[in-house]
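**Q**
Number of protein chains: 2
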Amino acid sequence: MKAVVTVMFKHGVLDPQGRAIGHALGNLGFAGVGEVRAGKVFEIEMAETDPALARQAAERMAGQLLANPVIESFSVDIADHAGGN
Amino acid sequence: MKAVVTVMFKHGVLDPQGRAIGHALGNLGFAGVGEVRAGKVFEIEMAETDPALARQAAERMAGQLLANPVIESFSVDIADHAGGN
Chain D
0 MKAVVTVMFK
10 HGVLDPQGRA
20 IGHALGNLGF
30 AGVGEVRAGK
40 VFEIEMAETD
50 PALARQAAER
60 MAGQLLANPV
70 IESFSVDIAD
80 HAGGN
Chain C
0 MKAVVTVMFK
10 HGVLDPQGRA
20 IGHALGNLGF
30 AGVGEVRAGK
40 VFEIEMAETD
50 PALARQAAER
60 MAGQLLANPV
70 IESFSVDIAD
80 HAGGN
């Protein structure tokens with residue numbers, strides 16, 4: 000079973016990387032680009048076979064290690080191998 | 000319209016950040032953790048309202064700026080605001 004944890008800055012937290020990318024896209028000629036937000040994604044292979052338990056474990060991993068809860072929020076997706084991805 | 004571009008190392012490319020996170024999760028007491036892969040995600044607000052054109056633009060952005068095609072692969076998801084997310 001695979002967990003995908005996505006970590007983004009909370010809204011209101013300054014995201015200089017996203018802002019720089021937005022400027023760079025404009026300089027490259029892309030029109031109509033609004034706010035750009037940059038985040039991190041972690042794909043975690045787990046021996047756990049129960050989706051609910053896998054999600055619980057991934058949420059604990061995110062809270063303890065992958066995300067800084069002061070400035071970042073995270074979301075967890077559980078992907079079964081048989082289901083693709 | 001919002002495009003979400005996910006950039007991961009290609010399979011076979013060494014991912015030291017993912018490996019370090021896997022070790023750290025083991026040290027924190029999480030059992031049954033296999034391979035961990037770390038990547039980047041970019042949320043891009045676009046004025047474009049046609050999903051197909053938004054996807055094309057996001058793929059060009061990823062190829063030109065967001066991903067290094069030598070060592071990274073990317074995927075694009077298009078999310079309408081009305082559709083949540």
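Quick note, the sequences are listed as chains D and C, same order.
Number 31 in numbering that gives the first Met the number 0 belongs to position 32 of the first sequence; there are no gaps in the numbering.
Number 30 in numbering that gives the first Met the number 0 belongs to position 31 of the second sequence; there are no gaps in the numbering.
The beta carbon of each residue, even a glycine, is placed where N, CA and C say it ideally should be.
1. Output needed in chain order: residues of the segment 38 to 50 of chain C with a Cβ under 8 Å from some Cβ in chain D.
2. I need the DSSP call for A37 of chain D, collapsed to helix, strand or coil.
3. For F8 of chain C, tell me which candidate among C:A78, C:A2, C:P68, C:D76 has the shortest Cα-Cα distance.
4. I'd like to know whether the C-beta of F29 of chain D is nearer than 9 Å to at least one C-beta of chain C.
5. Measure the C-alpha to C-alpha separation of A19 of chain D and A46 of chain C and round it to an integer number of angstroms.
6. Between C:V32, C:A37, C:N26, C:I43, which lies nearest to V4 of chain D when the distance is taken from Cα to Cα?
7. Along the segment 55 to 67 of chain D, what residues have a CB closer than 8 Å to any CB found in chain C?
8. Identify the residues that DSSP records as bridge partners of T5 of chain C: which are they?
9. Taking CB distances under 9 Å as the criterion, tell me whether V35 of chain C reaches chain D.
10. Against chain D, with Cβ distances strictly below 9 Å, would A78 of chain C count as a contact?
11. For a contact meaning CB atoms closer than 9 Å, what does I20 of chain C contact in chain D?
12. For a test of the three-state rule: what should DSSP assign to M60 of chain D, helix, strand or coil?
13. Which partner residues does V32 of chain D have in the DSSP bridge list?
14. Would you please verify whether the beta carbon of G11 of chain C is less than 9 Å from any beta carbon of chain D?
15. Give me the Cα-Cα distance between L65 of chain D and V6 of chain D, rounded to the nearest whole angstrom.
16. V69 of chain C CB to nearest chain D CB: under 9 Å?
17. Thinking just about the alpha-carbon of each residue, which of C:H22, C:L13, C:E58, C:V12 is nearest to the one in E42 of chain C?
**A** On the basis of the supplied data:
1. G38, K39, V40, F41, E42, I43, E44, M45, A46, E47
2. Against the first sequence, residue 37 of chain D aligns to sequence position 38. Of the three classes helix, strand and coil, the one that applies to A37 of chain D here is strand, per DSSP.
3. The residue given as residue 8 of chain C occupies position 9 in the second sequence. Taking only the C-alpha atoms, the option nearest F8 of chain C is C:P68.
4. Stepping through the first sequence from its first residue, residue 29 of chain D is reached at position 30. It does; some Cβ of chain C falls within 9 Å.
5. Residue 19 of chain D sits at position 20 when you count from the first residue of the first sequence. Residue 46 of chain C sits at position 47 when you count from the first residue of the second sequence. A19 of chain D and A46 of chain C: Cα-Cα distance of roughly 18 Å.
6. Numbered from 1 along the first sequence, position 5 holds the residue referred to as residue 4 of chain D. The shortest Cα separation from V4 of chain D among C:V32, C:A37, C:N26, C:I43 belongs to C:A37.
7. A56, R59, M60, Q63, L64, L65
8. Counting from one through the second sequence, the residue named residue 5 of chain C turns up at place 6. For T5 of chain C, which the question treats as bridged, DSSP gives the partners C:V40, C:S74.
9. Start at 1 with the first residue of the second sequence, and residue 35 of chain C comes out as number 36. So, interface residue.
10. Here residue 78 of chain C refers to the residue found at position 79 when the second sequence is read from its first residue. No, A78 of chain C lies away from the interface with chain D (no Cβ there is under 9 Å from its Cβ).
11. The residue labelled residue 20 of chain C in the question sits at position 21 within the second sequence. Going along chain D in sequence order, the residues near I20 of chain C (Cβ under 9 Å) are F41, I43, M60, L64, L65.
12. Along the first sequence, one-based indexing puts residue 60 of chain D at 61. Helix.
13. Working through the first sequence from its first residue, we reach residue 32 of chain D at position 33. C:M45.
14. For the purposes of this step, residue 11 of chain C is taken as residue 12 along the second sequence, with counting starting at 1. Chain D, which has no Cβ nearer than 9 Å to the Cβ of G11 of chain C, makes this no.
15. As a position in the first sequence, residue 65 of chain D is number 66, starting the count at 1. As a position in the first sequence, residue 6 of chain D is number 7, starting the count at 1. Near 8 Å, if we compare the C-alpha coordinates of V6 of chain D and L65 of chain D.
16. Translated into the one-based positions of the second sequence, residue 69 of chain C becomes position 70. No, because no Cβ of chain D sits closer than 9 Å to the Cβ of V69 of chain C.
17. As a working note, residue 42 of chain C is residue 43 in the second sequence. Nearest option by C-alpha distance: C:E58.
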